[in-house]
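Below: the structure, in structure tokens.
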Amino acid sequence: MSLVLTPLSEMPLVQPGDDLPGLLFDALQRARIELAHGDILVVCQKVVSKSEGRVVDLRTVTPSPLAQILARTGSGKDPRLIEVVLRETNRIVRAERGILIVETGPGWVCANAGVDESNGPAPDHAVLLPTDPDASARHIQTALRARAGADIAVLITDTWGRPWRNGLVDFAIGVAGIDPLLDLRGTSDLNGRELHHTVFAQADALAAAAGLMMRKNAGVAAVHVRGYEFHLNPDATARSLIRPEAEDLFR
């Protein structure tokens, strides 16, 4: 298997209300890429959120007492930004040394509920995660299928830290057309031993690979992937990546 990843570097800065699938298709055309069956398009969350209007003007935000308290505990963060984080939070997992680890609406556990000021549309604006990243991925998939006539998969990704390890990695938070998990249980290893526990997070692996080309200062919002073998699944959802609480040793 040969895996080819191509960054789509010729995209304009996305603004609220922009036709993101159209911009992606134009970028593919400029890169001389004709979409084919089985291709994968990895799209960073930031441009998805901006196109969907998931942007908050911090000048319109009044911080709550809790946000003001958290801002005074050494975070150095704007209390208005913390208030936006709290509004996107189901529960606070950990608040310590100025770090807010929270669970978001869909169930993702990440720093600051994914709220971010970097590469926003204007100063004093924060960008939130998409309300439903799976729906966002399906929208892009459907629109590109209509334009190119090819059945492809789409991943929406965001960059997060990891417990017990330094450094950031891109993770999948929305999918369309590809199962996030590749279940290898019941198959055999090279020695004929049956695998009982091996479930590969293929969506996260693809997100991490594409993330090498989508650094915040690289100006790359999407990466085209060709050569990865997978079965198209119209019912796939990124929520299958979230470990059920009953199986989680840390909750």
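Numbering (the working numbering), first residue to last: 229 to 479. All C-beta atoms, glycine included, are put in the ideal place defined by N, C-alpha and C. Predicted model, so just to flag it, every value in this text is computed and none were measured.
Exercise for review: Have a look at Asn461 and Asp285 and give me their C-alpha separation to the nearest angstrom.
Suggested key: As a first step, residue 461 must be located in the sequence shown, where it is residue number 233. As a first step, residue 285 must be located in the sequence shown, where it is residue number 57. Looking at the two C-alpha atoms, the distance is approximately 38 Å.
Point to revise | Cβ neighbour criterion (16 or more within 10 Å) applied to Gly455 | key: Residue 455 sits at position 227 when you count from the first residue of the sequence shown. The residue in question, Gly455, is exposed, as its Cβ has fewer than 16 Cβ neighbours within 10 Å.
**Study point:** Inter-stretch contact (C-beta, 8 Å, three-pair minimum) for the stretch 332-342 and the stretch 377-389
**Key:** Inter-segment contact for the stretch 332-342 and the stretch 377-389 is present: three or more beta-carbon pairs are separated by less than 8 Å.
Exercise for review: Pair every Cβ in the stretch 413-431 with every Cβ in the stretch 306-322, then say whether three or more of these pairs are closer than 8 Å.
Suggested key: Here the stretch 413-431 does not lie against the stretch 306-322, with fewer than 3 beta-carbon pairs under 8 Å apart.
**Study point:** Of the listed residues Phe458, Leu469, Ala466 and Arg471, nearest to Met229 (C-alpha basis)
**Key:** Here residue 229 is taken as the residue at index 1 of the sequence shown, counted from 1. Scanning Phe458, Leu469, Ala466 and Arg471 for the CA closest to the CA of Met229 turns up Phe458.
Exercise for review: Check each candidate in His452, Gly304 and Thr290 and name the one with the smallest Cα separation from Val382.
Suggested key: If you number the sequence shown from 1, residue 382 lands on position 154. Sorting His452, Gly304 and Thr290 by C-alpha distance to the C-alpha of Val382 places His452 at the top.
Point to revise | Beta-carbon proximity check, Ala429 vs Leu469, cutoff 8 Å | key: Taking the first residue of the sequence shown as position 1, residue 429 is located at position 201. Taking the first residue of the sequence shown as position 1, residue 469 is located at position 241. In this structure, Ala429 sits near Leu469, with a CB-CB distance shorter than 8 Å.
Check your understanding: Among Val321, Asp247, Val270 and Ala464, which residue has its Cα nearest to the Cα of Arg479?
Key -> If you number the sequence shown from 1, residue 479 lands on position 251. Taking only the C-alpha atoms, the option nearest Arg479 is Val321.
Check your understanding: The beta strand (DSSP E) with Asp362 in it runs from where to where?
Key -> Sequence index remark: in the sequence shown, residue 362 carries index 134 (1-based). Asp362 -> not in any beta strand (DSSP E); alpha helix (DSSP H) instead, spanning Pro361 to Ala376.
**Study point:** Residue environment, Lys278, which counts as buried when at least 16 other CB atoms sit within 10 Å
**Key:** In the sequence shown, the residue the question calls residue 278 occupies position 50. By the neighbour-count criterion, in which 16 or more other beta carbons inside 10 Å mark a residue as buried, Lys278 falls on the buried side.
**Study point:** Those residues which DSSP pairs with Thr234 across a bridge
**Key:** Taking the first residue of the sequence shown as position 1, residue 234 is located at position 6. His452.
**Study point:** Residue range of the alpha helix (DSSP H) that includes Leu434
**Key:** Residue 434 sits at position 206 when you count from the first residue of the sequence shown. Residues Gln430 to Gly439.
Exercise for review: Over the uninterrupted beta strand (DSSP E) stretch that includes Gly447, give me the two end residues.
Suggested key: Position 219 of the sequence shown, counted from the start, is the residue given in the question as residue 447. First-last for Gly447: undefined, no H or E at that position.
Check your understanding: At a cut-off of 7 Å, is Met229 close to the ligand NAP when judged by its beta-carbon and the heavy atoms of the ligand?
Key -> This structure does not include the ligand NAP; it has no bound ligands of any sort.
Check your understanding: Can you tell me where the beta strand (DSSP E) with Arg258 in it begins and where it stops?
Key -> Residue 258 sits at position 30 when you count from the first residue of the sequence shown. Where Arg258 is concerned, there is no enclosing beta strand (DSSP E), although the alpha helix (DSSP H) it sits in stretches over Leu248 to Arg258.
Practice item. Would you check if the distance between the CB atom of Ala466 and the CB atom of Asp362 is smaller than 8 Å? Key: Mapped onto the sequence shown, residue 466 falls at position 238. Mapped onto the sequence shown, residue 362 falls at position 134. For Ala466 and Asp362, yes; Cβs fall inside 8 Å.
Review point. DSSP beta-bridge partners for His353?
Key: The residue given as residue 353 occupies position 125 in the sequence shown. Per DSSP, Asp285.
Check your understanding: So, helix, strand or coil for Arg390, using DSSP?
Key -> Counting from one through the sequence shown, the residue named residue 390 turns up at place 162. Reduced to three states, the DSSP call for Arg390 is strand.
Review point. DSSP state of Gly342, grouped into three classes?
Key: Position 114 of the sequence shown, counted from the start, is the residue given in the question as residue 342. Three-state result, Gly342: helix.
Exercise for review: Can you give me the start and stop residues for the beta strand (DSSP E) that Ala295 sits inside?
Suggested key: Sequence index remark: in the sequence shown, residue 295 carries index 67 (1-based). For Ala295, no beta strand (DSSP E) segment is defined; the enclosing uninterrupted segment is the alpha helix (DSSP H) at Pro293 to Leu298.
Check your understanding: Apart from the five residues just before and just after Asp379, which ones in its own chain have a Cβ nearer than 6 Å to its Cβ?
Key -> Here residue 379 refers to the residue found at position 151 of the sequence shown. Excluding positions up to five away in sequence, the list reads His265 and Leu460.
Review point. Between which two residues does the beta strand (DSSP E) containing Ile268 stretch?
Key: As a working note, residue 268 is residue 40 in the sequence shown. Unbroken beta strand (DSSP E) run through Ile268: Ile268 to Cys272.
Practice item. Taking all protein chains shown into account, decide if Leu241 is buried (16 or more other Cβ within 10 angstroms of its Cβ) or exposed. Key: For this step, residue 241 is matched to residue 13 along the sequence shown. Counting the other CB atoms within 10 Å of its CB gives Leu241 a total below 16, which places it among the exposed residues.
Review point. By DSSP, does Val275 sit in helix, in strand, or in coil?
Key: Mapped onto the sequence shown, residue 275 falls at position 47. Of the three classes helix, strand and coil, the one that applies to Val275 here is helix, per DSSP.
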